[in-house]
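Take the sequence shown: its letter number 32 is residue 32 in the UniProt record's numbering, and every next letter is one higher.
Where is the CB? At the ideal position from N, CA and C, for every residue including glycine.
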Amino acid sequence: MVTGAGDRLFNMVVIVILSLCGIVAVFPLLYVVSVSLTPLGEVLRSGSFPIIPRQITFSAYKTLLQEAGMVKALGVTVLVTVAGTFLNMLFTVLMAYPLSRKWLPGRSLFLMMILFTMLFSGGIVPTYLIVKAMGLLNSLWALILPTLIGSFNVLIVKSFFEQLPEEIFESARMDGAGEFRILVQMALPLSLSVMATISLFYAVGHWNDFFQAIMYITDRNLFPLQVVVREILMQTQQPMENVENMTPTQTLQMAAVVLASLPIIVVYPFLQKYFTKGMLLGSIKG
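Here it is in structure tokens:
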């Protein structure tokens with residue numbers, strides 16, 4: 001295909017703009033990783049944290065991983081993320097599948113109730129009082145149950161289920177299969193893309209959860225990773241003796257940021273194709 005000078009110019013402009021956007025997006029991540037690996041001697045020689053250090057050290061990561069609070073917080077976050085995502089998906093699917101069946105009595109009313117929760121929130125204080133009345137304060141359940149079902153996610157999964165061929169469901173019913181069996185053996189295997197997408201939504205939400213933790217958790221043994229990272233980020237540089245053998249506070253801070261972000265960064269590329277496909281297919285119908 002022959003393209004004109006205008007098309008080539010347009011393509012060059014688009015490439016330049018996308019390249020600049022990529023650099024802007026990658027630079028903060030590069031800086032964080034660089035600072036987390038920079039030894040104090042390098043900082044003293046250059047007067048600041050270089051973008052690409054000549055020497056690297058993993059002392060900041062070693063220091064953080066040797067702290068019992070950091071390791072315990074990591075375990076809490078992993079537990080909440082795994083258990084919370086499983087329960088999120090279980091109840092989301094159990095709610096979305098019936099709503100995708102047009103013959104469900106009261107279907108429109110249930111959908112209106114879900115949409116209402118997307119437009120109006122009960123507020124922070126009523127939610128806190130409910131969590132307190134349920135006896136969930138200082139419990140990991142306080143980080144899971146208040147966000148057990150996401151209204152937006154339910155609508156995405158419902159829309160995806162509606163696009164599945166109704167004929168295969170009818171054939172299964174004629175063979176004597178119940179709705180639960182149809183859901184488990186037919187609907188879910190055909191919906192892996194949207195399941196992966198919504199699972200990623202929930203998992204990232206649990207992993208990055210900070211607000212609920214500071215609202216409902218006061219026991220330091222139950223602090224998730226993000227709360228501990230916040231405490232590290234708020235630390236101030238202490239007077240140092242024998243500075244050559246110490247790790248700068250900013251290096252510790254950036255190492256904590258990397259440790260908190262690394263699992264999601266590692267997992268996302270493997271789910272990206274499912275994420276994109278699930279978002280496209282799940283948003284065709286409203």
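Beta-carbon proximity of residue i to residue j, cut-off 8 angstroms
i, j, result
"V257", "V78", "no"
"T57", "L37", "yes"
"L252", "I232", "yes"
"L222", "L140", "yes"
"L143", "D209", "yes"
"residue 312", "I198", "There is no way to answer for residue 312, as the model of the chain reaches only from 1 to 286."
"A260", "L225", "yes"
"V154", "V194", "no"
"T117", "S151", "yes"
Among the options, the one whose alpha carbon lies nearest that of residue i
i, options, result
"L188", "V13, G205, F169", "F169"
"P165", "G178, L190, I149", "L190"
"I217", "Q55, V76, V71, P39", "V76"
"L192", "G106, F120, F161", "F161"
"L145", "G6, A25, L87", "L87"
"G123", "M215, E167, V80", "M215"
"Q163", "R173, A177, Y97, M174", "Y97"
Through-space distance from residue j to residue i, alpha-carbon basis
i, j, result
"R230", "V35", "17 angstroms"
"M95", "G84", "16 angstroms"
"E67", "A60", "11 angstroms"
"T147", "V131", "11 angstroms"
"D219", "H206", "18 angstroms"
"residue 295", "Q250", "No statement about residue 295 is possible, as the shown extent of the chain runs from 1 to 286 and does not include it."
"L115", "S100", "15 angstroms"
"L262", "P28", "14 angstroms"
"G135", "F211", "19 angstroms"
"A25", "F270", "20 angstroms"
"E179", "L109", "21 angstroms"
"Y128", "S121", "13 angstroms"
"L74", "V82", "12 angstroms"
"W103", "I149", "23 angstroms"
"M112", "L9", "49 angstroms"
"A133", "P126", "10 angstroms"
"P105", "V80", "35 angstroms"
Residues near residue i by beta carbon distance below 6 angstroms, same chain, minus five either side
i, result
"A213", "P224, V227"
"P39", "Q55, T57"
Proximal residues to residue i (C-beta, below 7 angstroms), its chain only, five neighbours per side dropped
i, result
"Y268", "none"
"M254", "V32, V35, S36"
"I52", "S34"
"R107", "L99"
"K72", "N221"
Proximal residues to residue i (C-beta, below 8 angstroms), its chain only, five neighbours per side dropped
i, result
"M89", "M195, I198, S199, Y202"
"G69", "R220, F223, V228"
CB contact check: residue i to chain C, cutoff 8 angstroms
i, result
"D175", "Among the protein chains of the structure shown there is no chain C, as only one such chain exists."
Legend entry - Contained alpha helix (DSSP H) runs [length at least 4] in the segment 138-192, N- to C-terminal order: Counting whole runs of 4 or more residues, the segment 138-192 contains the alpha helix (DSSP H) stretches 151-163, 166-174, 179-182.
Legend entry - Whole alpha helix (DSSP H) elements within the segment 98-131, 4-residue minimum: Inside the segment 98-131, DSSP marks whole alpha helix (DSSP H) runs of 4 or more residues at positions 107-119, from first to last along the chain.
Inset, instruction - Starting from the N-terminal side, write out each stretch of the alpha helix (DSSP H) that is 4 residues or longer and does not extend beyond the segment 209-234. - result: The qualifying runs are 211-216, 225-233.
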